[in-house]
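Notes to accompany the following structure.
Residue numbers (this note's numbering): 2 to 275.
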C-alpha cells in the first residue's frame with residue numbers, strides 16, 4: 002500500500018518529488034512551508050492533477066500522514082527537525098509518520114529527535130540537481146536510500162521502484178562521499194564551463210560535442226586513460242600561447258585557474274621536468 006505522504010518544504014526538490022510521486026499514484030495529502038508562496042504554488046500544481054492536497058500552517062497537522070518528507074536546505078534541517086519533534090511530542094502515544102530527509106550531505110542521525118518519539122527515520126536522496134522549472138524523468142535520477150527499520154526500507158524501496166530509477170541503500174558516510182564526488186563532476190564542471198564561455202563568447206555551443214565526448218569517455222574508460230591536452234603532453238609552447246591569450250583578454254580568473262590545473266597535471270604526468 003502506498004503511504005499517504007506529506008512534505009515539509011516546497012522548493013525545487015519537494016516540487017519535483019511530490020509531482021513525481023503523485024504521478025505514480027501516491028496521495029500527497031499536505032504541504033508545509035515557511036514560505037506561503039512556495040507552498041501554495043506546489044499545492045496548486047498537485048491539485049491541478051486532481052488531488053486534494055492541503056497547504057497547512059501547523060506542523061502538528063502533518064502527524065496524520067504515513068510518510069513525512071523533509072525537503073529543505075541542508076542548514077535548515079536541524080531546526081526543522083526540532084520544530085517537528087516539538088509539535089509531535091503530544092502525539093507520541095499515537096502512531097507517528099515515518100520521516101525522511103532528502104539531503105546528500107546530512108547524516109541520518111539528524112533525525113534522532115524524531116526517532117526518540119518513535120518515528121521510523123530514513124533518507125531519500127536524489128543524486129541530481131532538481132529544478133521546479135524543469136521537468137525530470139526520475140528513471141534517470143539515482144536515489145540513495147537509508148532507513149532505520151525494515152518496514153521503512155521496504156517503503157522506500159517501493160517508492161524508488163515506482164519512480165523507476167536506479168536506487169541503492171547507502172550509509173550516511175557512503176552517501177556523503179558520493180555527494181563530495183558529485184560536487185567535482187557537476188558544480189566544479191559548471192564553474193569551469195562558466196570560465197570557458199567568455200573566452201569564445203557567443204561561439205560556446207561549438208564546445209558541446211567535445212565536452213560531451215570527454216565526459217562520456219572518462220566514464221566509459223577512466224579519466225586518467227582519456228586525459229588529453231597540452232599539459233598531459235607536456236607541451237609548454239602551447240601552454241604559453243594559451244596563457245598569452247588569457248592575459249591579452251584580461252581574463253585574470255581564467256588565467257589563475259589555467260595555471261593551477263596545468264601545474265597539477267604537469268606535476269602528475271611530467272614530474273621529471275619540474
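Cβ coordinates follow ideal geometry from the N, Cα and C atoms, glycine included.
In the structure shown, the three-state DSSP call for residue 27 is coil. Of the candidates 57, 73, 60, the residue whose Cα lies closest to the Cα of residue 16 is 73. Bridge partners of residue 209 according to DSSP: none are assigned. For the pair of segments examined, the segment 101 to 112 was found not to touch the segment 33 to 42: the number of CB pairs separated by less than 8 Å stays below three.
Burial of residue 139 is indicated by the presence of at least 16 other C-beta atoms within 10 angstroms of its C-beta. Around the beta carbon of residue 182, fewer than 16 other beta carbons lie within 10 angstroms, which makes this residue exposed.
As the crow flies, the alpha-carbon of residue 160 is around 46 Å from that of residue 257. Runs of alpha helix (DSSP H) with 4 or more residues, each lying fully within the segment 146 to 170, are found at 151 to 164, listed in chain order.
For residue 112, the secondary structure class from DSSP, reduced to helix, strand or coil, is helix. Under a 10 Å Cβ-count criterion, residue 144 is classified as buried, with 16 or more other Cβ atoms of the shown protein chains found around its own Cβ.
Three or more pairs of CB atoms, one per stretch, sit closer than 8 Å, so the segment 126 to 137 contacts the segment 6 to 14. Looking at the backbone, the Cα of residue 89 and that of residue 187 are separated by about 38 Å. Under the DSSP assignment, residue 7 falls in the beta strand (DSSP E) whose first and last residues are 6 to 9.
In this structure the segment 94 to 101 lies against the segment 109 to 122, because at least three pairs of beta carbons, one per stretch, are closer than 8 Å. Around the Cβ of residue 243, a 10 Å sphere holds 16 or more other Cβ atoms; the residue is buried. With contact defined as three or more Cβ pairs closer than 8 Å, the segment 22 to 37 and the segment 46 to 58 are in contact.
With the rule of 3 Cβ pairs closer than 8 Å, the segment 166 to 181 counts as touching the segment 143 to 158.
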